[in-house]
Amino acid sequence: MDLFSPANKPEIRIQELTGERIRFILTNTDLSMANALRRIMISEVATIAIDMVQFDLNTSVLADEFIAHRLGLIPLDSTEADKIKYPRDCNCSGACKECSVELNLHVKCTEEDTTKDVTSKDLVSHDPRFTPITEGPKDAGILIAKLRKGQEIKVKCIAKKGVAKEHAKWSPCAAVAFEYDPFNKLRHTHYWIEEDEKKEWPQSKNANDDFPPLDDEIFDFTAKPNRFYFEIETIGSMKPEDIVMNAFKKLLELISSIQMGLHSNDVPINGREPTRDVF
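Numbering-wise (the numbering used here), the sequence shown opens with residue 8 and increments by one.
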């Protein structure tokens, strides 16, 4: 059994690609695979995020926990996240260069009648591969806190590799969505329309890339969707095309592990010895 044999191999056509967004059409697959890809992009693509924060000094009005939470949600460049280990795979006792990245933040407000913004631009990474994403309004960086005269923040941060299944801060995506059948040829909206179907279920922009139904087309009640319109928006830690590629790699890895488990003589199935020649 080959899920990605020539007869079942998914195909992608990119509709739009920018630095933060990608739109593409996934064809020659089914709804379960499309949804698996969506879920993997959200929760299984590894990134780098701040996981531990040591406060040396904090005289701002914000509690340590509040600042630590904000620091954890600042996206870090994770283009080379595959170059470092997961903490669980490292032999160190806590943190080392093989599995973590150190960042420092030290800001003090010294001017009268002035509010000083503490932003992601003030975070200094010890590894140039994993730097904070500083994009924000007017390129001012991502706001962490505000200080008045005499207030000071000094912290040491340890960033680690992880996935969003563990915590949402490791998700590379701001949003992942897909739709199918923009012309409603499968009639999946016929069962809950209230008054005007066209007004309540307007066609999306993806209808421009789909095939409209013929006037005399016969409804096939056994038909299933095989064309899916994806749209992914990133938080800036990875390029959108890299997220898609890494998600496909992870999907193949998960499927391969299932196939290996089913073929293995050492893995019991339902508490019994596995049956030979499963496929």
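For every residue, glycine included, the Cβ atom is placed at its ideal position computed from N, Cα and C.
Predicted model only: the values in this text are computed from it and were never measured.
For this session: Name the one or two DSSP bridge partners that Ser264 has.
Result: Ser264 is not bridged to any residue.
Problem set entry | Own chain, CB closer than 6 Å to Lys176, minus 5 neighbours either side, in chain order | Ala56, Gly79 and Leu80
For this session: With a floor of 3 residues, list each beta strand (DSSP E) that falls wholly inside the region 202-240, ordered by position along the chain.
Result: none
Problem set entry | Whole-angstrom distance between Arg155 and Ile2, CA atom to CA atom | In this structure the chain extends from 8 to 286, so residue 2 is not present and cannot be described.
Exercise. Name the DSSP bridge partner or partners of Ile32?
Worked result: Beta-bridge pairing links Ile32 to Arg20 and Tyr236.
For this session: Look up Val68 in the DSSP assignment and give the residues it is bridged to.
Result: Answer is none; Val68 lacks a bridge partner.
Exercise. Would a C-beta distance cut-off of 8 Å place Val162 and Asp134 closer than the cut-off?
Worked result: no
For this session: Pair every Cβ in the region 19-27 with every Cβ in the region 233-251, then say whether three or more of these pairs are closer than 8 Å.
Result: The region 19-27 makes contact with the region 233-251: 3 or more CB pairs, one atom from each, lie closer than 8 Å.
For this session: Specify, as a first and last residue, the run of the beta strand (DSSP E) that Ala88 falls within.
Result: From DSSP, Ala88 is part of no beta strand (DSSP E); its letter is neither H nor E.
Exercise. Nearest-angstrom Cα distance between Pro91 and Leu269?
Worked result: Per the sequence presented here, residue 91 reads as Ile, with Pro not at that position. C-alpha separation (whole angstroms): 31 Å.
Exercise. Per DSSP, what kind of secondary structure is Val52 in: helix, strand or coil?
Worked result: coil
Exercise. Helix or strand or just coil, what does DSSP make of Leu80?
Worked result: Here DSSP, grouped into helix, strand and coil, assigns Leu80 to coil.
Exercise. Alpha carbon to alpha carbon, what distance is there between Ala70 and Asp63?
Worked result: 13 Å
For this session: Inspect the beta-carbon positions of Lys153 and Asp188 and report whether they are closer than 8 Å.
Result: no
Exercise. Helix, strand or coil: which one does DSSP assign to Ala147?
Worked result: coil
For this session: Please report how far the alpha carbon of Val285 lies from the alpha carbon of Ser263, in whole angstroms.
Result: Residue confidence is low: Val285 scores 44 on pLDDT, short of 50, so the model does not pin down where it sits. Its coordinate-derived value is still stated next. Spanning the two alpha carbons is a distance of roughly 14 Å.
For this session: With DSSP collapsed to three states, give me the class of Val108.
Result: strand
Problem set entry | Sub-8 Å separation of Cys99 and Cys106 beta-carbons | yes
Problem set entry | Residues sharing a beta bridge with Glu159, DSSP | Lys115
Problem set entry | Inter-residue spacing [alpha-carbon to alpha-carbon] between Phe228 and Ser178 | Approximately 38 Å between the Cα atoms of the pair.
Exercise. In its own chain, which residues sit with a C-beta less than 6 Å from the C-beta of His113, not counting the 5 before and 5 after it?
Worked result: Lys161
Exercise. If we ignore side chains and look at the alpha-carbon of each, how far apart do Gly169 and Arg20 end up?
Worked result: One C-alpha to the other measures close to 30 Å.
Exercise. According to DSSP, is Lys256 helix, strand or coil?
Worked result: helix
Problem set entry | Closest Cα partner of Asn191 within the set Arg234, Phe31, Ala171 and Cys103 | Arg234
Problem set entry | Beta-carbon spacing of Val52, Ala254 below 8 Å | Yes, they are a contact pair.
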